[in-house]
Structures are given as C-alpha cells and as structure tokens.
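K.L.:
First the structure, which I've put down as structure tokens, then a few questions once you've had a look.
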Amino acid sequence: MSLAEIETACEQLSSGNAAERTTAERFLLNIRSSENAMQVARAVIDSSNLPSACFQAACILKDALLRDWNKLSIEARMELQSHILQHVVRQDCCAGSGGLKPFVRAQLLQSFAVIVKRGWLDGPPNLFSDLLGYIESLMAGAGTRAVGAWTLLALLDEFASSSRSVVGLSWEYHHSCQQRINGDGHLLRMFATVLAAVYGDIDALRAAVAAAAAPVPRP
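Heads up: the sequence shown at position 21 corresponds to 21 in UniProt numbering, and the numbers run straight through without jumps.
Written as structure tokens, this is what we have:
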C-alpha cells in the first residue's frame with residue numbers, strides 16, 4: 001500500500017459517499033490489524049501533509065503499540081516515545097512548518113502519554129524525571145512554551161484517576177502510576193513548571209506595559 005492510497009482512504013472516510021466510506025473503513029482496519037501496522041503508521045505520520053491521514057495514523061500507531069508492546073524492547077519503546085514528541089515539537093515550532101492541526105497534535109500526544117504510562121514500571125528510574133526536565137526546557141522558551149504545555153496536559157490527562165486509555169491493564173496498575181506520580185514529587189514539579197511559565201508571562205507583560213507607558217523624550 002502506498003501513501004497516496006492511505007491518504008485517499010482517509011479523505012473518503014470523512015467526505016466520501018456511503019460506499020466509499022465503507023471501503024475506506026475496511027482498508028484502514030486491514031492496516032490496523034496487520035503485523036506492520038506500527039511501521040506503516042509511523043511512515044504516514046512522518047511523510048503525510050494530510051491532517052486526516054496523520055490523525056488516523058496516530059490512532060493506528062497507539063493501538064498497534066499496545067497490541068505489540070511485549071514484542072518491543074525497552075529501547076524501541078523509548079525511541080518511539082522520543083520520536084513522537086520530537087515530531088510534534090518540529091511541526092509546531094519550526095518556521096515554515098505551519099504547525100499541526102489541534103486534533104492531530106492531541107492524538108499524537110495521547111499516544112506519547114500512553115507509552116510513558118504503559119512503560120512506567122519498566123523503564124529506568126530516572127526516565128520520567130529526565131522527561132520532565134526536557135518539558136521544562138520547552139516551557140522556558142517563548143517559541144516552544146505552547147508545545148510544552150500541551151505535552152504536560154496530555155501527561156496529566158493520562159495519569160488522572162479517571163483515565164483508562166491503556167487497555168488490558170489492571171486498576172491496580174493505573175492506581176500505582178497515579179500514586180507514584182504523586183509520591184515521587186512529579187506532580188508538584190509539573191505544577192511548579194506551569195506556575196513559572198505563567199509568572200514569566202506576567203513579568204513580560206508588565207515590562208511591555210511599563211515600556212509603552214514610558215514618556216516619549218521630546219526632540
């Protein structure tokens with residue numbers, strides 16, 4: 001299957017007639033159930049400029065990742081986690097990229113957050129702390145602050161007590177993740193990061209107001 005075929009199916013899924021939508025659904029379901037679904041989805045995300053195709057690919061990627069989780073090494077999981085986040089950062093922060101559509105960004109970051117949560121007990125002890133350090137660096141930059149905030153929001157939503165997006169895991173696993181993110185101080189660190197960004201914006205606004213109100217020297 002080619003990128004063009006996948007993009008055509010995604011367009012038909014949203015705007016085609018009933019017969020075309022049925023055919024498109026069957027086509028995408030075949031991709032979702034295939035052994036190389038993860039590789040196909042990743043290629044679409046990296047190569048396609050069609051938002052609906054990127055959205056469907058992000059959904060397929062998450063499902064395939066959870067299905068094949070035990071087949072992946074810890075290194076492969078971490079590489080995919082980093083790849084998704086870096087893709088969002090590049091698309092939203094690089095000049096000329098145009099940025100991601102909100103629904104595409106949200107689905108990609110949900111997939112990213114699912115990997116973080118699913119691998120919570122498997123990865124290195126400092127993995128989440130290092131991740132927060134990177135997000136803090138995003139929040140500290142004016143051009144990357146928004147994507148840092150969206151990433152934090154995706155993580156908070158995934159680790160919330162009501163979130164069960166990682167299928168096939170026990171309630172005890174979800175509860176353990178929630179307890180650790182609180183007990184290890186990560187939640188407090190997230191809160192402090194958001195506050196620092198907010199106060200930084202307030203200080204910048206005050207400086208701009210003061211500069212605008214300053215008397216203009218007479219010639």
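Positions of the beta carbon are idealized from the N, C-alpha and C atoms, including for glycine.
Taking 9 angstroms as the threshold (C-beta atoms), are Ala106 and Ala149 in contact?
P.N.:
Here residue 149 corresponds to residue number 149 of the sequence shown, with the count starting at 1. Here residue 106 corresponds to residue number 106 of the sequence shown, with the count starting at 1. Not in contact: Ala149 and Ala106 (Cβ atoms no closer than 9 angstroms).
K.L.:
Looking only at C-alpha atoms, which of Ser176, Arg189 and Met38 sits nearest to Trp120?
P.N.:
In the sequence shown, the residue the question calls residue 120 occupies position 120. Checked all of Ser176, Arg189 and Met38; the closest Cα to Trp120 is Ser176.
K.L.:
May I have the straight-line CA-CA distance separating Arg26 from Glu158, to the nearest angstrom?
P.N.:
Locating residue 26 in the sequence shown gives position 26, where the first residue counts as 1. Locating residue 158 in the sequence shown gives position 158, where the first residue counts as 1. Rounded to the nearest angstrom, the two C-alpha atoms are 29 angstroms apart.
K.L.:
Examine the Cβ distances between the segment 6-24 and the segment 41-54 and report whether three or more of them are shorter than 8 angstroms.
P.N.:
In short, these stretches touch, since the Cβ pair count reaches three.
K.L.:
Would you check if the distance between the CB atom of Val88 and the CB atom of Leu109 is smaller than 9 angstroms?
P.N.:
Reading the sequence shown from its first residue, position 88 is the one you call residue 88. Reading the sequence shown from its first residue, position 109 is the one you call residue 109. Going by C-beta atoms, Val88 is nearer than 9 angstroms to Leu109.
K.L.:
Once you ignore the five residues that flank Val209 on each side, which residues in its own chain have a CB closer than 8 angstroms to its CB?
P.N.:
Taking the sequence shown and counting its residues from 1, one reaches residue 209 at position 209. Its pLDDT being 49, under 50, Val209 is placed unreliably in this model, and the value from its coordinates should be taken loosely. For Val209, where only same-chain residues beyond five positions count, there are no Cβ hits under 8 angstroms.
K.L.:
To the nearest angstrom, how far is the alpha carbon of Asn30 from that of Arg77?
P.N.:
Here residue 30 refers to the residue found at position 30 of the sequence shown. Here residue 77 refers to the residue found at position 77 of the sequence shown. Distance between the alpha carbons of Asn30 and Arg77: 24 angstroms.
K.L.:
For Ser111, does the count of other Cβ atoms within 10 angstroms reach 16, so buried, or fall short, so exposed?
P.N.:
Sequence index remark: in the sequence shown, residue 111 carries index 111 (1-based). With 16 or more other Cβ atoms within 10 Å, it is buried.
K.L.:
So, using beta-carbon positions, are Met38 and Leu3 closer together than 9 angstroms?
P.N.:
Taking the sequence shown and counting its residues from 1, the one referred to as residue 38 is at position 38. Taking the sequence shown and counting its residues from 1, the one referred to as residue 3 is at position 3. Going by C-beta atoms, Met38 is not nearer than 9 angstroms to Leu3.
K.L.:
Would you say Val44 and Ala64 are within 9 angstroms of each other, going by their C-beta atoms?
P.N.:
The count along the sequence shown starts at 1 and reaches residue 44 at position 44. The count along the sequence shown starts at 1 and reaches residue 64 at position 64. Cβ atoms of Val44 and Ala64: not closer than 9 angstroms.
K.L.:
Give me the Cα-Cα distance between Trp171 and Ile181, rounded to the nearest whole angstrom.
P.N.:
As a first step, residue 171 must be located in the sequence shown, where it is residue number 171. As a first step, residue 181 must be located in the sequence shown, where it is residue number 181. Taking the straight line joining both Cα atoms gives about 16 angstroms.
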